[in-house]
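Participant:
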Amino acid sequence: MKKIVIALDGYSSCGKSTTAKLVAASLGYAYIDTGAMYRAVTLYFLDHHVSLTNPKEVKDALNHIDIDFHYNPKTKRNEVFLNGLNVEDEIRKMYISDQVSEVSVVAEVRHAMVAQQRKMGKKRGVVMDGRDIGTAVFPDAEVKIFMTADVDTRAKRRQEELLEKKQLVNLGEIKENLLKRDLIDSTRKESPLRQAEDAALLDTSHMTIDEQVDFVLDKVTSALIHEERVLEQNLSERR
Ligand code: DC
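Quick note: to get the working numbering, add 336 to the position in the sequence shown (first position is 1).
1) Tell whether a beta-carbon distance below 8 angstroms holds between A372 and A366.
2) When DSSP labels each residue in this structure, what does F482 get in the three-state scheme?
3) Quick check on S572: buried or exposed, where buried means 16 or more other Cβ atoms within 10 Å of its Cβ?
4) Under three-state DSSP, which class holds V386?
5) Counting only the same chain and skipping the five closest in sequence on each side, list residues whose C-beta sits under 6 angstroms from that of E563.
6) With 16 other CB atoms within 10 Å as the buried threshold, where does Q453 fall?
7) Name the DSSP beta bridge partners of H406, please?
8) Per DSSP, M464 is paired with what?
9) How is the beta strand (DSSP E) around L537 delimited, first residue to last?
10) Can you grab the Cα-Cα spacing for the pair R413 / R524, in whole Å?
11) I'd like the list of long-range same chain contacts for V479, defined as Cβ closer than 6 angstroms, with 5 residues on each side in sequence excluded.
12) Figure out for me which residue from V487, F417, D369 has the closest Cα to the Cα of V473.
13) Tell me the residue span of the alpha helix (DSSP H) that contains L363.
14) Is there at least one non-hydrogen atom of the ligand DC closer than 7 angstroms to the beta-carbon of V505?
15) How long is the line joining the alpha carbons of R494 and D546, rounded to whole angstroms?
16) Could you check what DSSP says for L278 in three-state terms: helix, strand or coil?
17) Mind checking which residues open and close the alpha helix (DSSP H) that includes E424?
18) Indicate whether the contact test is met: 3 or more Cβ pairs, each with one atom in the region 481-496 and one in the region 506-521, closer than 8 angstroms.
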């Protein structure tokens, strides 16, 4: 069966990565968390005091950044490595969340990440979550979902996630960070966060994880049936 690209875009903390992981596992596809890539770049830039307004510094820094994902059978997660070092936990901390959207605005950063993401998904058979996957990275993705949820629900979910990692963060601070990131992400010049015209809207405010996964898998089934039909038609035309 043909392998496809599944693009999950949307606002911060509306369940994209949880849904994407489960969809990928159920299809035997790779899962790529593109937010983790922007977070890893942010960590490197902060560690190396890279000035975002100096294009040469940014370009030089990007040349020294190698981002990779490795599956960890212990945690059952695809974890992100920055220059060979596992930074999965570090990049989820609040000081990275506070800076990541500003770093993601920089055109050079976006070009480098988008090029790498296209390479990662070249063979298809991937579920990618982010902000611009269906609009910029894979505009030809066979399945595009745009996820949203009300901000209070999102803030509570993010707080629970952080608590699981033993980070106690005030709900107000989380909500402020989510709103700030949404604003920067959706108003930036380069590939802003927006719903692609052909993306299905998924509001997860009152949905369980299983319902979210089923919603995406239904779209996948329809897309695969469509692909099979196109293939059959092409074959019969050639005969
Ligand atoms: O998905 P996340 O919250 O970990 O993403 C962190 C930030 O990275 C998000 O606020 C904006 C940026 N990002 C982006 O600009 N483009 C993507 N494809 C993914 C994330």
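Even for Gly, the Cβ is constructed at its ideal location relative to N, Cα and C.
Facilitator: Taking the coordinates as given:
1) no
2) Looking at F482 - three-state DSSP - the assignment turns out to be strand.
3) exposed
4) Coil.
5) K338
6) buried
7) E415
8) M464 is bridged by DSSP to A343, I368.
9) For L537, the enclosing beta strand (DSSP E) has its first and last residue at 536-539.
10) 31 angstroms
11) I342, K555, V556, A559
12) D369
13) Start and end: 352-363.
14) It does not: the Cβ of V505 is nowhere closer than 7 angstroms to a heavy atom of the ligand DC.
15) 18 angstroms
16) Limits of the chain in this structure are 337 at one end and 575 at the other, which puts residue 278 out of reach.
17) Boundaries cannot be given for E424, as no alpha helix (DSSP H) includes it and DSSP labels it neither H nor E.
18) yes
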